[in-house]
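Asks:
In UniProt numbering, the protein residues as written are 1 to 278.
#1: How is residue 22 classed by DSSP in three states: helix, strand or coil?
#2: Once DSSP output is grouped into helix, strand and coil, what is the label at residue 142?
#3: Would you identify the three-state DSSP class for residue 12, choosing helix, strand or coil?
#4: Looking at the structure shown, is residue 179 part of a helix, part of a strand, or coil, going by DSSP?
#5: Evaluate residue 261 with the Cβ neighbour count: other Cβ atoms within 10 Å of its Cβ, from every protein chain shown; 16 or more gives buried, anything less gives exposed.
#6: Does the separation of the CB atoms of residue 159 and residue 234 fall below 7 Å?
#7: Quick one: Cα of residue 80 to Cα of residue 118, how far?
#8: Below 8 Å, how does it come out for the region 230 to 250 and the region 164 to 174: are there three or more Cβ pairs, yes or no?
#9: Whole angstroms are fine: how far does the CA of residue 12 sit from the CA of residue 5?
#10: By Cβ distance below 8 Å, which residues in the same chain neighbour residue 254 in space, the five residues on each side in sequence not counted?
#11: Exposed or buried, what is residue 182 when buried is set at 16 or more other beta-carbons lying within 10 Å of its beta-carbon?
#12: Looking at the structure shown, is residue 253 part of a helix, part of a strand, or coil, going by DSSP?
#13: Pairing CB atoms from the region 189 to 207 with CB atoms from the region 124 to 134, are three or more of them under 8 Å?
#14: Can you give the beta carbon distance from residue 226 to residue 153, rounded, assuming they're within the 8 Å contact cut?
#15: Tell me, please, whether the region 207 to 218 touches the region 56 to 73 by the rule of three or more beta-carbon pairs shorter than 8 Å.
#16: At a cut of 8 Å, does the region 183 to 192 reach the region 261 to 270 through at least three beta carbon pairs?
#17: Leaving out five residues on either side along the sequence, give the residues of the same chain with a beta carbon under 7 Å from the beta carbon of residue 221.
#18: Identify, in the order they occur along the chain, each residue of the same chain with its Cβ nearer than 7 Å to the Cβ of residue 236, setting aside the five sequence neighbours on each side.
#19: Quick one: is residue 53 buried, meaning 16 or more other Cβ sit within 10 Å of its Cβ, or exposed?
#20: Please check the pair residue 155 and residue 123, which I expect to be a contact at CB under 8 Å, by giving their CB distance rounded to whole angstroms.
#21: Quick check: the Cα distance between residue 175 and residue 273, rounded to an integer number of angstroms?
#22: Pop quiz: residue 172 and residue 217 are said to be a contact at Cβ under 8 Å. What is the actual Cβ separation, rounded to whole angstroms?
#23: Could you tell me how far apart the beta carbons of residue 104 and residue 110 are, in whole angstroms, since I believe they sit closer than 8 Å?
#24: Would you mind listing the alpha helix (DSSP H) stretches within the region 216 to 253 that are 4+ residues and don't spill past its ends, in chain order?
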């Protein structure tokens, strides 16, 4: 049938609603039933990355060990010429042995970042272990997030202990400032980002937005449990015997010459990070 312009056709259709047994929280479960078939691909990628990192680490460690043995044999060699001995002491890794353990400029920030980094590494190991043993289920993903958050709070003493041990190595006196920055530097940044995203979700009326009462509960757990545990870990760390340095730190820092472009921080970080995706 040929119709001309400005002609309309009225269609009729029926809708039949079928009640589902799945709850609202589990409405997306059937979309994830086929994920187990693709899990082998992810495991192959993970194993490939791990093997690549192990091989590269073994290669670099072999090169460094050979270079170190070569330098040690050179230094242990008995030389009768005193000028040759003095010249030998000014070459190789002995150039920087007196500056390796020098106190950094912002030692409180450095100690806080290291302490929180150790806590993050420990948390990653816990999450990986839970995923490996198969405890995580998509139906209970929200409960899994709550458990991980509770574990993060419980292991807060690790960051306080590690930061105090490292800060005590530098023989500084700003212990309270170190505890303060360890308690706030990572949670505050993370909470600020999460709070801004949550504001956007509330503005868009998304059902994934978290209520402000829940955010208040998170703050109460943060200041009521996490911060005291960090203080407890710092107290235990301050009671420990300080780490003895294997070498003496020079009083005058050695001048660092200008490095080539490949040795800069951003270039080397990009190269090392891209190795895993090779």
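Beta carbons are placed, not taken as given, at the ideal position from N, Cα and C, and that holds for glycine.
Replies: Short version:
#1: Residue 22 sits at position 22 when you count from the first residue of the chain shown. Here residue 22 sits in coil by DSSP.
#2: In the chain shown, residue 142 corresponds to position 142, counting from 1. For residue 142, the secondary structure class from DSSP, reduced to helix, strand or coil, is helix.
#3: For the purposes of this step, residue 12 is identified with residue 12 of the chain shown, where counting begins at 1. Residue state for residue 12 is assigned as coil, using DSSP reduced to three classes.
#4: Counting from 1 along the chain shown, the entry for residue 179 is found at position 179. In the three-state reduction of the DSSP assignment, residue 179 falls in the helix class, which pools H, G and I.
#5: Along the chain shown, one-based indexing puts residue 261 at 261. Its Cβ having fewer than 16 others within 10 Å, residue 261 is exposed.
#6: By one-based count along the chain shown, residue 159 stands at place 159. By one-based count along the chain shown, residue 234 stands at place 234. Cβ atoms of residue 159 and residue 234: not closer than 7 Å.
#7: For this step, residue 80 is matched to residue 80 along the chain shown. For this step, residue 118 is matched to residue 118 along the chain shown. The predicted position of residue 80 is uncertain, since its pLDDT is 47 and thus under 50; a value taken from the coordinates is nonetheless stated next. So the two alpha carbons sit approximately 48 Å from each other.
#8: Contact holds: three or more Cβ-Cβ distances are below 8 Å.
#9: The residue you call residue 5 lines up with position 5 of the chain shown. The residue you call residue 12 lines up with position 12 of the chain shown. Approximately 22 Å, taken between the alpha carbons.
#10: One-based indexing of the chain shown puts residue 254 at position 254. Closer than 8 Å at the Cβ level, and outside the excluded window around residue 254, lie 95, 96, 98 and 99.
#11: Here residue 182 corresponds to residue number 182 of the chain shown, with the count starting at 1. Residue 182 is buried by the Cβ-count criterion.
#12: As a first step, residue 253 is located in the chain shown; it is residue number 253 there, counting from the start. Three-state DSSP puts residue 253 in coil, outside helix and strand.
#13: Pairwise C-beta distances place the region 189 to 207 out of contact with the region 124 to 134, as fewer than three of them are shorter than 8 Å.
#14: For the purposes of this step, residue 226 is taken as residue 226 along the chain shown, with counting starting at 1. For the purposes of this step, residue 153 is taken as residue 153 along the chain shown, with counting starting at 1. Right, their Cβ atoms sit about 5 Å apart.
#15: Touching, no.
#16: No, the region 183 to 192 is not in contact with the region 261 to 270.
#17: Locating residue 221 in the chain shown gives position 221, counting from the first residue. Excluding positions up to five away in sequence, the list reads 153.
#18: Working through the chain shown from its first residue, we reach residue 236 at position 236. Once the five neighbours on either side are set aside, the close Cβ partners of residue 236 are 161.
#19: For the purposes of this step, residue 53 is taken as the residue at position 53 of the chain shown. Under the 10 Å beta carbon count, residue 53 is surrounded by fewer than 16 other beta carbons and is classified as exposed.
#20: In the chain shown, counting from the first residue as 1, residue 155 sits at position 155. In the chain shown, counting from the first residue as 1, residue 123 sits at position 123. Between the beta-carbon of residue 155 and that of residue 123 there is about 7 Å, and that keeps the pair under the 8 Å contact cut.
#21: Here residue 175 refers to the residue found at position 175 when the chain shown is read from its first residue. Here residue 273 refers to the residue found at position 273 when the chain shown is read from its first residue. For residue 175 and residue 273, the distance between alpha carbons rounds to 34 Å.
#22: Along the chain shown, one-based indexing puts residue 172 at 172. Along the chain shown, one-based indexing puts residue 217 at 217. At roughly 36 Å, the Cβ-Cβ gap does not stay under 8 Å, so residue 172 and residue 217 are not in contact.
#23: For this step, residue 104 is matched to residue 104 along the chain shown. For this step, residue 110 is matched to residue 110 along the chain shown. Going by Cβ atoms, the distance from residue 104 to residue 110 rounds to 5 Å, so yes, they are a contact pair.
#24: Correct list: 227 to 239.
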